[in-house]
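Numbering (my numbering), first residue to last: 46 to 692. We put the beta carbon where it would ideally sit given N, CA and C, even for glycine. One structure below.
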Amino acid sequence: MIKIYDTMSRDLREFVPIEDGKVKMYVCGPTVYNYIHVGNARSTVAFDTIRRYFEYRGFEVNYISNFTDVDDKIINRAKEEGITPQEVADKYIAAFREDVSALGVKPATRHPRVVEFMADIIRFVEDLVDKGYAYESEGDVYFRVEKSRDYAKLANKTLADLELGASGRTDDETARKENPVDFALWKAAKPGEISWDSPWGPGRPGWHIECSVMSTEILGDTIDIHGGGADLEFPHHTNEIAQSEAKTGKTFANYWMHNGFVNIDDVKMSKSLGNFITVHDALKTIDGQVLRFFFATQHYRKPINFTEKAVHDAATNLKYLKNTYGQPFTGQADSAQLQSFLDKFTAAMDEDFNAANGITVVFELAKWINSGNYTAEVKAAFAKLLEVFGIVFVEELIERNAVVDIINRREQDIIKSDFIAAEKKENALLRRNIVLQETEGGAIWRLDNKNNNEISKVLSYLDDIEDYINNPQTLVGISSKETGMMIEENLFSYLRKKLPYWNWLFAERNLGADIEGCFQNNKIYIEVMASRNDRIAVKFLKTIVNITREMKKDTNSIIILCVFGTKITKTTQEYLNYCSIVGAEYGVTVIPKFIELLEFNIEALIRERQEARANRDFATADRIRDELAAQGIKLLDTKDGVRWTRD
């Protein structure tokens, strides 16, 4: 039985959903005029964790989190940056998505934007005016707070307290109100501001009305849970309740949840104190998963003290869990003991999503695992508990359906000969340690959980090369004054140093001389030994072709001899064709050569695979087996050792 601390009642209440097995949840999202700060991130991660726990318990969660893309702050930022408010919003929505993705936050069921609901907002305000809950004054529309029963109960305030506090106000806006505590539903536009036509003239909505409209339009008049930071209790959530319940006559939300603040070294974070940290900046020095772990494993209602030591401790603890997850899980374990851990975890999290107690159980489970309790059942259970906190290691990094979708779209790109788009999709998977293997029936995928993933390193080097293309000064040892042959000599010297993973040589005529011999007769000769991994080789070919195309140089020519095994995949052949055709336009000649793997090469690879298996490095062992299979070499493990045959 899940219990929730309800801010409205200020006690723990059993969670009873409106509809069995389903949760309708609205969480206030960011006003998109800047990068989100760590306080915003704490809220986002807290409610993402709560959502994940509901899903762990079998609920279907309709999770809505908005973007406030119409606001005074956005208008002011647009003026500062010399762009439109829409461009400001688009820029920081993209930044938000990037930041929270690094924190492992699941996309909401829907991220509504205010501009999408402008007609609904105007109708909502009209309804409040018609019912006498709102009034127009000089193009503005205000809500009559005195008509709202139990106004500010959520914040544990009374109307009399608020009126007393507002009694001394004398600004122009207060002069337009019937009561100083009335709040704006619609604001008349100032000259030059973005606006929408309304019955009260050009203007834009107030902040509070936006969330009421998006919530009721998407989730209905009454929702299960409304959440946000503690700073939103008053006035934002208070005003949401007043205007929503005035319009519908129904309870707006059955449970109100608010997360605690973030302090920086025991001091409340604020811009005025200069201790304001954006997630964008924090991620430059802190791994996103570590930051996620730090936020997600503390009780959502309690304040968090953000310190260097706390983050370091989070990194250490996360590493311990990751190492535990990396165990081979091939032994035995007591299923009843495992169930006792799961029951204890549920009991902890059912008590108002107490993540601090929940993660304690996870560490107890990890200790039990490390004492020798390794089974597939234990690993699956361990992964599910970690996923509640948004911690996903290697094998679960991308949902299988998402992987299949990316692969299918990549296949369509290849059919259309859009190899650039296809490669981008493949690289996106590779960066997440998902490796593709071409078969006659299409691409299949596997996970490579080696931390020093060879392919990931190669991709990172290709990123360096692309940076060089766009900005040659970024490459150490390259002078921006050098041109022509010298730039290309330095570039390929750099390639040779940075890419040892392809067994390729620079050469003159015999393809075996040192690098200086590459540039004889105004030509660059390259050999690529691709007999073990044609996939990596064609990526290299394509990189060289694209580099040459970007440089737009026709004074030099590049000759590439690419040595393949006897079999190459259909996709590799398509890439070869692309490189040959496009490369020819820019002075790149690709000469494919096909050879059989020699017997001593095969035996060497088998020995390497056996060593990997002995070291329990099954990812490497599987990779070698797949490479051999791609060249028609079948392995048979017997009690007398490994035998092989050639197709």
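Within a 10 Å sphere around the beta-carbon of glutamine 288 sit 16 or more other beta-carbons, which makes this residue buried.
Nearest to alanine 91 by C-alpha distance, out of Gly273, Glu126, Gly403 and Thr129, is Gly273. Following the DSSP letters along the chain, one finds asparagine 79 in no alpha helix (DSSP H), marked with neither H nor E.
DSSP places isoleucine 268 within a strand segment (E or B) once states are collapsed to three. Per DSSP, tyrosine 370 is one residue of the alpha helix (DSSP H) stretching across 353-370. Taking every protein chain shown into account, the CB of aspartate 206 has fewer than 16 other CB atoms within 10 angstroms, so this residue is exposed. A distance of 8 Å or more separates the beta carbons of asparagine 299 and threonine 261.
For the pair glutamate 125 and asparagine 79, the Cα-to-Cα distance works out to about 12 Å. DSSP, reduced to helix, strand and coil, places leucine 328 outside both helices and strands of the structure shown, so it counts as coil. The criterion of a C-beta distance shorter than 8 Å is satisfied by valine 170 and alanine 179.
Here the alpha carbons of isoleucine 479 and glycine 686 stand approximately 30 Å from one another. Taken in chain order, the whole beta strand (DSSP E) runs of length 3 or more contained in the region 285-328 are 298-304 and 307-309. When secondary structure is reduced to three states using DSSP, serine 54 falls in the coil class, being assigned neither helix nor strand. When secondary structure is reduced to three states using DSSP, valine 449 falls in the helix class.
Cβ neighbours of glutamate 100 within its own chain (closer than 7 Å, five residues either side excluded): Val106. The closest CA to that of threonine 283, considering only Lys235, Ala200 and Thr361, is found on Ala200. Judged by DSSP secondary structure, isoleucine 109 falls within the beta strand (DSSP E) whose first and last residues are 105-110. Here glutamate 181 is bridged, per DSSP, to Val186. Under the three-state reduction of DSSP, tryptophan 689 is assigned to strand.
Following the DSSP letters along the chain, one finds tryptophan 413 inside the alpha helix (DSSP H) bounded by residues 400-415. Cβ atoms of threonine 76 and aspartate 116 come within 8 Å of each other, at about 5 Å. In this structure, the beta-carbon distance from alanine 359 to phenylalanine 339 falls below 8 Å. Its chain contains Leu318 and Asn320 as the residues whose beta carbon lies nearer than 8 Å to that of valine 312, once the 5 sequence neighbours on both sides are disregarded; these appear in chain order.
Between tyrosine 345 and phenylalanine 408 a beta carbon distance of about 19 Å is seen, past the 8 Å cut, so the two are scored as non-contacting.
The beta carbon of serine 110 lies closer than 7 Å to those of Val72, Gly74, Ala153 and His156 in the same chain, with the five residues before and after it left out. Residue pairing for tyrosine 345: DSSP places it in no beta bridge.
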